[in-house]
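Enquirer: The number in this note's numbering is simply the position in the sequence shown, starting from 1, with 4 added.
Don't be surprised by glycine CBs; every beta carbon is placed ideally from N, CA and C.
Provided herewith is a single structure, encoded as structure tokens, for subsequent inquiry.
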Amino acid sequence: MMGGTKQPLVSEQLRGFPWAQISLVMFVRLSEPVAFMSLFPYMYFMVRDFDVSSNESQIAAYSGWLGSVFALCQVVSAMNWGHFAERYGRKWALILGQLGTCCSLLLLGFAGNYYQALLARSLMGLLNGNAGVVRTVVGELASQERHQALAFSTMQLLWQFGAVLGPMIGGYLSFPKGQNKIPEWYPPWLSKMVSLFPYSLPNLVISVLLLGSVLTTALFLEETHPHLKHSRDRGLEVGSWLLRHFWPWYTARSSSTERALVTDEEVQSDTEERTHLLSDGRRTSGEDYAYSRVTGKDAAPGETQNKAVATGTQLGTEFVEEGIPPPLEQTAMRHMIYADVFYPIISHLCLELHLTPTVEFLPVFLSTALATEERPDGTVGLASRFPWKIVGGIGMSSERAGDLLSTTGIVGCLVMFFLFPLITQRYDPISIYRSGLSLFPIVYVLVPYIVFLQKDSIPKWCTYVYLYSLTSAKTTICCLTMPQMLLIIHRTCHPRYRGVVNSAVISLGAGARFIGPLLGGYILAWSQAHEVAWLLWWLLAALAVYAGYQAYKIRAV
Numbered sequence: 005m006m007g008g009t010k011q012p013l014v015s016e017q018l019r020g021f022p023w024a025q026i027s028l029v030m031f032v033r034l035s036e037p038v039a040f041m042s043l044f045p046y047m048y049f050m051v052r053d054f055d056v057s058s059n060e061s062q063i064a065a066y067s068g069w070l071g072s073v074f075a076l077c078q079v080v081s082a083m084n085w086g087h088f089a090e091r092y093g094r095k096w097a098l099i100l101g102q103l104g105t106c107c108s109l110l111l112l113g114f115a116g117n118y119y120q121a122l123l124a125r126s127l128m129g130l131l132n133g134n135a136g137v138v139r140t141v142v143g144e145l146a147s148q149e150r151h152q153a154l155a156f157s158t159m160q161l162l163w164q165f166g167a168v169l170g171p172m173i174g175g176y177l178s179f180p181k182g183q184n185k186i187p188e189w190y191p192p193w194l195s196k197m198v199s200l201f202p203y204s205l206p207n208l209v210i211s212v213l214l215l216g217s218v219l220t221t222a223l224f225l226e227e228t229h230p231h232l233k234h235s236r237d238r239g240l241e242v243g244s245w246l247l248r249h250f251w252p253w254y255t256a257r258s259s260s261t262e263r264a265l266v267t268d269e270e271v272q273s274d275t276e277e278r279t280h281l282l283s284d285g286r287r288t289s290g291e292d293y294a295y296s297r298v299t300g301k302d303a304a305p306g307e308t309q310n311k312a313v314a315t316g317t318q319l320g321t322e323f324v325e326e327g328i329p330p331p332l333e334q335t336a337m338r339h340m341i342y343a344d345v346f347y348p349i350i351s352h353l354c355l356e357l358h359l360t361p362t363v364e365f366l367p368v369f370l371s372t373a374l375a376t377e378e379r380p381d382g383t384v385g386l387a388s389r390f391p392w393k394i395v396g397g398i399g400m401s402s403e404r405a406g407d408l409l410s411t412t413g414i415v416g417c418l419v420m421f422f423l424f425p426l427i428t429q430r431y432d433p434i435s436i437y438r439s440g441l442s443l444f445p446i447v448y449v450l451v452p453y454i455v456f457l458q459k460d461s462i463p464k465w466c467t468y469v470y471l472y473s474l475t476s477a478k479t480t481i482c483c484l485t486m487p488q489m490l491l492i493i494h495r496t497c498h499p500r501y502r503g504v505v506n507s508a509v510i511s512l513g514a515g516a517r518f519i520g521p522l523l524g525g526y527i528l529a530w531s532q533a534h535e536v537a538w539l540l541w542w543l544l545a546a547l548a549v550y551a552g553y554q555a556y557k558i559r560a561v
């Protein structure tokens with residue numbers, strides 16, 4: 005496959021890799037999918053137990069709101085968190101985001117009705133903007149190009165670990181009515197708590213995990229913001245004191261030396277950028293870059309201001325005419341629209357739009373009771389008729405739904421460990437991304453037909469082979485495509501704008517994650533009521549086809 009650069013050998017990627025700091029970011033990254041994914045095994049049963057609707061087919065619609073309101077609040081808050089990280093530093097954003105998630109989880113676990121749960125999910129979206137901040141931190145830690153593929157793929161690997169742990173915690177530690185029985189060995193106070201609040205225990209456990217992540221972040225994670233990373237950090241001072249006194253392998257060497265993050269080129273670039281920012285009547289290097297992207301030419305020294313005027317308002321030249329550099333937000337927005345990063349952002353948006361409903365509504369669809377009907381001969385059989393009449397699900401329990409999501413998460417870990425390095429060494433990022441997207445529609449089209457395996461004449465193991473094959477295929481595709489997408493966005497975005505651009509990508513993705521589950525919930529409820537439960541999955545397949553088409557507009561990197 006042509007069109008880009010293959011990744012360096014693993015041994016080359018590992019040389020000088022900043023493992024110490026990346027490991028701390030990995031802990032933050034791990035806690036995010038655990039908190040996010042733990043809800044899905046019991047979401048259907050939680051909404052059902054709240055008695056918000058007597059019509060079982062409407063549970064999917066209410067579940068859609070519970071899933072989508074989180075993303076809606078992310079749309080509102082992600083850009084603000086990005087600006088917060090630019091002003092006060094990445095580290096503070098990560099710490100506050102995790103604390104916000106912790107509080108939201110506790111509110112969700114002890115929610116007494118549907119609307120309290122809805123409020124908890126809303127706060128979870130408002131109080132955590134770490135998805136975009138983590139991407140920025142990883143890009144700033146892995147400043148050398150040979151480290152970037154490994155760094156971004158590590159983040160995907162951590163998502164898969166979280167996809168194993170989160171559903172397992174949510175599935176086995178929740179106690180829906182008529183489902184999981186409270187173990188006898190639980191102490192009396194714990195048994196009483198989970199009987200009153202059946203979904204409190206998984207959220208308590210994850211909150212403890214988040215608090216541990218907050219502690220390690222505060223004590224050991226170094227600031228990566230270009231202009232704030234040399235400021236005094238009292239948390240690091242306490243962490244260094246603890247290491248000196250309690251860690252026998254501690255050395256006094258500078259971690260920045262160990263990580264080899266600051267090369268001569270970076271120091272020179274940073275100095276030049278600061279000089280541009282302080283110079284009157286001069287545009288910053290980021291604006292020169294944006295100009296060159298729009299005009300296709302490099303601006304010679306002393307010519308940037310005059311030539312940029314010719315590009316009109318594309319680069320905010322109303323500020324240039326007065327000798328004032330445009331605001332960061334304005335030039336970043338123009339960079340997203342006119343530079344090479346535009347099509348990767350659009351493709352990422354389409355990807356989020358069809359992936360999120362799949363993750364959220366597959367457990368809902370499978371947990372729906374099996375629809376049967378009495379035949380004229382007195383026997384009871386499936387209410388569904390191949391190929392167009394599909395109604396109901398397969399009656400899967402919350403434990404089995406948790407097992408399904410966790411098992412496919414394990415598949416994702418294996419893919420990241422063994423298959424991903426082989427693929428990335430042979431093919432370039434854009435080729436891997438395009439090839440992976442072409443397989444999503446096949447998986448989606450096949451999902452609803454699992455109901456036809458629920459016959460007495462068909463062995464039960466056929467259902468699990470069919471289901472696990474589909475979910476494993478989807479997970480494999482995600483593992484191969486998502487790191488490439490993040491890498492493409494990182495490489496096509498100018499360093500000056502990465503913080504704002506990553507936050508904008510998160511906002512757009514959150515918008516897709518809001519619209520997708522919201523519409524998906526209503527479509528699934530409507531299709532169940534009209535006995536065409538295949539409709540949602542076929543619409544997702546059509547959307548995946550369009551996402552694949554958009555991928556071919558991306559410039560190879």
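1. Can you tell me where the beta strand (DSSP E) with residue 384 in it begins and where it stops?
2. Using the rule of at least 16 other Cβ atoms within 10 Å of the residue's Cβ for burial, across every protein chain shown, is residue 48 buried or exposed?
3. Would you call residue 466 buried or exposed, if buried means 16 or more other Cβ atoms sit within 10 Å of its Cβ?
4. What are the uninterrupted segments assigned as alpha helix (DSSP H) that are 4 or more residues long and contained completely in the segment 377 to 437, given in chain order?
5. Counting Cβ pairs, one atom from each stretch, are 3 or more of them under 8 Å apart for the segment 525 to 543 and the segment 386 to 400?
6. Among all the DSSP beta bridges, which residues are the ones paired with residue 374?
7. Which word fits residue 505, buried or exposed, when buried means at least 16 other C-beta atoms lie within 10 angstroms of its C-beta?
8. Who are residue 536's beta bridge partners in DSSP?
9. Less than 8 Å between C-beta atoms, sequence neighbours within five positions excluded: which residues of the same chain meet that for residue 45?
10. Which term fits residue 383, buried or exposed, when burial requires 16 or more other beta carbons within 10 angstroms of its beta carbon?
11. Among the candidates 551, 523, 417 and 554, whose CA atom is the shortest distance from the CA of residue 64?
12. Rounded to the nearest angstrom, what separates residue 443 and residue 549 at their Cα positions?
13. I need the boundaries of the alpha helix (DSSP H) containing residue 3, first residue and last residue.
14. Between the Cα of residue 435 and those of 525, 98 and 492, spot the shortest distance and give me the residue it belongs to.
15. Report back the beta-carbon spacing between residue 441 and residue 552 to the nearest angstrom; my notes put them in contact at under 8 Å.
16. Are the CB atoms of residue 32 and residue 98 within a distance shorter than 7 Å?
17. Can you give me the Cβ contacts of residue 180 inside the same chain, cut-off strictly under 7 Å, excluding the 5 residues immediately before and after it?
18. Of the residues 75, 38, 119 and 26, which one's Cα is nearest the Cα of residue 56?
19. Taking residue 451 as part of the alpha helix (DSSP H), name the residues at either end of that continuous run.
20. Near residue 78, what residues of its chain come up, given a Cβ to Cβ distance below 6 Å and the 5 sequence neighbours on each side ignored?
21. Is residue 290 buried or exposed, if buried means 16 or more other CB atoms sit within 10 Å of its CB?
22. Enumerated in chain order, which unbroken segments of the alpha helix (DSSP H) with a length of 4 residues or greater are wholly contained in the segment 48 to 93?
Expert: With the given structure in hand:
1. As a first step, residue 384 must be located in the sequence shown, where it is residue number 380. Counting along the chain, the beta strand (DSSP E) containing residue 384 begins and ends at 384 to 386.
2. As a first step, residue 48 must be located in the sequence shown, where it is residue number 44. That one is buried.
3. The residue given as residue 466 occupies position 462 in the sequence shown. Answer is exposed; the Cβ neighbour count stays below 16.
4. 402 to 418 and 424 to 430
5. yes
6. Walking along the sequence shown from the start, residue 374 turns up at place 370. BP columns for residue 374 point to 396.
7. To locate residue 505, count along the sequence shown from 1; it is residue 501. Label assigned to residue 505: buried.
8. By 1-based counting over the sequence shown, the position of residue 536 is 532. Bridge partners of residue 536: 394.
9. As a working mapping, residue 45 is identified with position 41 in the sequence shown. Excluding positions up to five away in sequence, the list reads 171, 174, 175, 178, 367, 402, 403, 405, 406 and 409.
10. On the sequence shown, residue 383 is found 379 positions in, with the first residue counted as 1. Residue 383 comes out exposed.
11. The residue given as residue 64 occupies position 60 in the sequence shown. Checked all of 551, 523, 417 and 554; the closest Cα to residue 64 is 523.
12. Position 439 of the sequence shown holds residue 443. Position 545 of the sequence shown holds residue 549. Cα-Cα distance, rounded: 9 Å.
13. The requested residue 3 is not part of the displayed model; the chain covers only 5 to 561.
14. Working through the sequence shown from its first residue, we reach residue 435 at position 431. Selected option, being the one with the closest Cα: 492.
15. In the sequence shown, residue 441 corresponds to position 437, counting from 1. In the sequence shown, residue 552 corresponds to position 548, counting from 1. Between residue 552 and residue 441 the Cβ distance is about 4 Å, and since that is below 8 Å, they are a contact.
16. The count along the sequence shown starts at 1 and reaches residue 98 at position 94. The count along the sequence shown starts at 1 and reaches residue 32 at position 28. Contact: yes.
17. The count along the sequence shown starts at 1 and reaches residue 180 at position 176. These residues qualify, in order along the chain: 46, 49, 53, 202 and 402.
18. The sequence position of residue 56 within the sequence shown is 52, counting from 1. Ranking 75, 38, 119 and 26 by Cα distance to residue 56 puts 119 first.
19. As a first step, residue 451 must be located in the sequence shown, where it is residue number 447. No alpha helix (DSSP H) contains residue 451, which DSSP labels as neither H nor E.
20. Here the question's residue 78 lines up with position 74 in the sequence shown. Correct list, in chain order: 129 and 514.
21. Looking up residue 290 in the sequence shown gives position 286. The predicted model places residue 290 with a pLDDT of 39, which falls under 50 and marks its position as unreliable, so this point remains unresolved.
22. 63 to 92
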